[in-house]
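Q:
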Amino acid sequence: MHKTHQATDLRTHVAAVLRAAGSSQEEATTVADNLVEANLRGHDSHGVGMLPRYVEAVLEGGLKPNSNVHLRMDTGTLLNLDGQRGYGQVIGEQAMRLGIDRAQQHGSCIMTLGNTHHLGRIGHFAEMAVAKGLVSLHFVNVLSRPVVAPFGGADGRYGTNPCCIGIPLVGRPPFLLDFATSRVAQGKMRVAHNEGRTVAPDTLIDEHGRPTTNPGVVVVPQSNGLFGALLAFGEHKGYGLAVACELLGGALTGGGTWHKPTDPKVRTILNGMLTILIDPTKLATQVSFEEEALAFVDWLKAGPVSDDFDAVQVAGEPERLTRAQRQIEGIHIDDQTWREIVATGQKVNVKVPNQ
Ligand code: NAD
Numbered sequence: 069m070h071k072t073h074q075a076t077d078l079r080t081h082v083a084a085v086l087r088a089a090g091s092s093q094e095e096a097t098t099v100a101d102n103l104v105e106a107n108l109r110g111h112d113s114h115g116v117g118m119l120p121r122y123v124e125a126v127l128e129g130g131l132k133p134n135s136n137v138h139l140r141m142d143t144g145t146l147l148n149l150d151g152q153r154g155y156g157q158v159i160g161e162q163a164m165r166l167g168i169d170r171a172q173q174h175g176s177c178i179m180t181l182g183n184t185h186h187l188g189r190i191g192h193f194a195e196m197a198v199a200k201g202l203v204s205l206h207f208v209n210v211l212s213r214p215v216v217a218p219f220g221g222a223d224g225r226y227g228t229n230p231c232c233i234g235i236p237l238v239g240r241p242p243f244l245l246d247f248a249t250s251r252v253a254q255g256k257m258r259v260a261h262n263e264g265r266t267v268a269p270d271t272l273i274d275e276h277g278r279p280t281t282n283p284g285v286v287v288v289p290q291s292n293g294l295f296g297a298l299l300a301f302g303e304h305k306g307y308g309l310a311v312a313c314e315l316l317g318g319a320l321t322g323g324g325t326w327h328k329p330t331d332p333k334v335r336t337i338l339n340g341m342l343t344i345l346i347d348p349t350k351l352a353t354q355v356s357f358e359e360e361a362l363a364f365v366d367w368l369k370a371g372p373v374s375d376d377f378d379a380v381q382v383a384g385e386p387e388r389l390t391r392a393q394r395q396i397e398g399i400h401i402d403d404q405t406w407r408e409i410v411a412t413g414q415k416v417n418v419k420v421p422n423q
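Note that this note's numbering has the sequence shown beginning at 69, numbered continuously upward.
1) Which residues mark the beginning and the end of the alpha helix (DSSP H) in which His70 is found?
2) With the cut-off set at 8 Å, would you say Thr180 and Gly160 are in Cβ contact?
3) In or out: Phe377 buried (at least 16 other Cβ within 10 Å) or exposed?
4) Taking C-beta to C-beta, are Gly296 and Leu272 nearer than 8 Å?
5) On the three-state DSSP scale, how would you describe Thr228?
6) What is the rounded straight-line gap between the Cα of Thr325 and the Cα of Gly151?
7) How many Å lie between Ala352 and Gly129 at the Cα?
8) Is Pro283 near the ligand NAD, with its Cβ less than 7 Å from a heavy atom?
9) Can you tell me whether Gly322 is helix, strand or coil according to DSSP?
10) Hey, how far is the Cα of Asp331 from the Cα of Arg213?
11) Using C-beta distances below 6 Å, list every residue in its chain close to Val365, excluding the 5 sequence neighbours before and after it, in chain order.
12) Just checking His186 against the ligand NAD - is the residue's beta carbon closer than 7 Å to any of the ligand's heavy atoms?
13) Kindly indicate which three-state DSSP category Gly117 falls into: helix, strand or coil?
14) If distances are taken between C-alpha atoms only, which option among Ala370, Asp403, Ala411 and Thr349 comes closest to Gly201?
15) For the beta strand (DSSP E) holding Gly317, just list the boundary residues, first then last.
16) Using 10 angstroms around the beta-carbon of Trp367, count the other beta-carbons present and answer buried if the total reaches 16, otherwise exposed.
17) For the beta strand (DSSP E) containing Leu147, name the first residue and the last one.
18) Residues in its own chain within less than 7 Å of Gly398 by CB, not counting five upstream and five downstream?
19) Go to Gly340, then tell me how far its beta strand (DSSP E) extends in each direction, as first and last residue.
20) Give me the DSSP bridge partner(s) of Arg240.
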């Protein structure tokens with residue numbers, strides 16, 4: 069079962085809960101806007117359904133409200149930042165503002181960010197950069213319960229390590245590629261489990277390493293207390309990209325990699341992110357970059373469309389279409405997720421209006 073909510077109502081309620089959980093009004097608004105934006109763009113895995121997990125992480129002490137990004141090292145075009153376990157939505161924006169400023173001054177910026185709580189939808193940060201005409205690359209690791217099996221492995225050893233590339237297209241919305249390196253995002257398994265759905269074959273293995281279509285194997289502990297695991301997208305190639313995300317987002321940033329047994333009680337999710345920003349106007353290729361990028365996208369779209377598809381799209385388009393639709397029609401939230409959101413509000417004495 070689903071109930072439909074308007075984005076503005078969700079923003080107000082989520083911000084009130086975050087405020088009651090210790091955030092300043094400004095922080096609560098930033099995080100709430102970010103979560104609702106993820107729902108609007110069709111990524112419910114990174115939307116308001118994360119609220120219960122965030123409040124639990126605050127209550128256990130692993131997520132520190134009202135933290136700011138800390139500059140650990142600065143050579144002008146190389147920045148090393150520490151997120152001090154603050155809300156990733158806030159820390160990520162602060163970090164991106166610093167990096168964008170440097171890329172605009174020097175033509176490029178390489179920025180490492182470790183020790184920040186969940187950054188949510190990584191595309192949000194690429195969108196900040198492409199809005200200023202910059203190319204933005206992101207390699208991210210996840211320190212939480214390791215939910216993805218290595219290629220050829222039979223248990224979870226690392227996180228859903230997202231990768232994101234934003235490229236401005238002159239006079240058009242940007243190319244915005246933003247995905248988890250697992251075949252599907254872990255949060256999508258939570259949503260499917262809450263909705264009582266099974267998922268596509270070749271997505272998951274159970275706690276014994278056997279294929280399954282039951283998303284519950286990565287959401288709730290199984291009979292022997294163990295979890296199943298997600299598989300990497302693209303077999304050995306996606307797995308290789310995920311390892312690169314761990315090495316760049318975890319090891320290079322100073323945030324750390326995952327290499328220890330799971331503690332299922334811990335609710336904190338930490339991210340590390342390597343960001344590379346490039347200002348095309350500072351390269352001698354700018355004119356041809358703009359022309360060639362548009363020519364290639366047009367070429368892709370000019371081809372015949374396969375029977376199973378309505379159109380050839382480029383990354384970023386599906387999210388923009390979903391956003392336009394959900395602004396009008398509202399955001400569907402399944403009953404289980406909504407019950408968890410309501411219960412989280414009650415923990416900090418915030419009621420949903422008219423319930
Ligand atoms: P997904 O599988 O829906 O893939 C999304 C990407 O594919 C987008 O760039 C989209 O525009 C593109 N795409 C989709 N359909 C397309 C089509 N028909 N043609 C061309 N391009 C198409 O995304 P996902 O893997 O479920 O990831 C969802 C979100 O989860 C992302 O925003 C990611 O950053 C986020 N995430 C965050 C973390 C974290 O720890 N912070 C971890 C994992 C994922």
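For every residue, glycine included, the Cβ atom is placed at its ideal position computed from N, Cα and C.
A: Based on what the coordinates show:
1) In the sequence shown, the residue the question calls residue 70 occupies position 2. Here His70 belongs to no alpha helix (DSSP H); instead the beta strand (DSSP E) covers His70 to His73.
2) Start at 1 with the first residue of the sequence shown, and residue 180 comes out as number 112. Start at 1 with the first residue of the sequence shown, and residue 160 comes out as number 92. Taking 8 Å as the Cβ cut-off, Thr180 and Gly160 do not qualify as a contacting pair.
3) The residue you call residue 377 lines up with position 309 of the sequence shown. By the 10 Å Cβ count, Phe377 comes out exposed.
4) Stepping through the sequence shown from its first residue, residue 296 is reached at position 228. Stepping through the sequence shown from its first residue, residue 272 is reached at position 204. The answer is yes: Cβ separation under 8 Å.
5) Counting from 1 along the sequence shown, the entry for residue 228 is found at position 160. The answer is coil: DSSP assigns Thr228 none of H, G, I, E or B.
6) Residue 325 sits at position 257 when you count from the first residue of the sequence shown. Residue 151 sits at position 83 when you count from the first residue of the sequence shown. If you take the alpha carbons of Thr325 and Gly151, they lie about 16 Å apart.
7) By one-based count along the sequence shown, residue 352 stands at place 284. By one-based count along the sequence shown, residue 129 stands at place 61. Answer to the nearest angstrom: the Cα atoms are 49 Å apart.
8) The count along the sequence shown starts at 1 and reaches residue 283 at position 215. No, the Cβ of Pro283 stays beyond 7 Å of every heavy atom of the ligand NAD.
9) In the sequence shown, residue 322 corresponds to position 254, counting from 1. Gly322 falls in the coil class under three-state DSSP.
10) Your numbering for residue 331 matches position 263 in the sequence shown. Your numbering for residue 213 matches position 145 in the sequence shown. C-alpha separation (whole angstroms): 7 Å.
11) Taking the first residue of the sequence shown as position 1, residue 365 is located at position 297. Correct list, in chain order: Val382.
12) Looking up residue 186 in the sequence shown gives position 118. Correct: His186 has its Cβ closer than 7 Å to the ligand NAD.
13) In the sequence shown, residue 117 corresponds to position 49, counting from 1. It is helical.
14) As a working note, residue 201 is residue 133 in the sequence shown. If we check each option's Cα against that of Gly201, Thr349 comes out closest.
15) To locate residue 317, count along the sequence shown from 1; it is residue 249. Here Gly317 belongs to no beta strand (DSSP E), and DSSP marks it neither H nor E.
16) Working through the sequence shown from its first residue, we reach residue 367 at position 299. Exposed, because fewer than 16 other Cβ atoms sit within 10 Å of the Cβ of Trp367.
17) If you number the sequence shown from 1, residue 147 lands on position 79. Leu146 to Asp150 is the extent of the beta strand (DSSP E) around Leu147.
18) Numbered from 1 along the sequence shown, position 330 holds the residue referred to as residue 398. Thr72, His73 and Gln74.
19) Here the question's residue 340 lines up with position 272 in the sequence shown. Per DSSP, Gly340 belongs to the beta strand (DSSP E) from Leu338 to Ile346.
20) Position 172 of the sequence shown, counted from the first residue, corresponds to residue 240. Its beta-bridge partners are Leu237.
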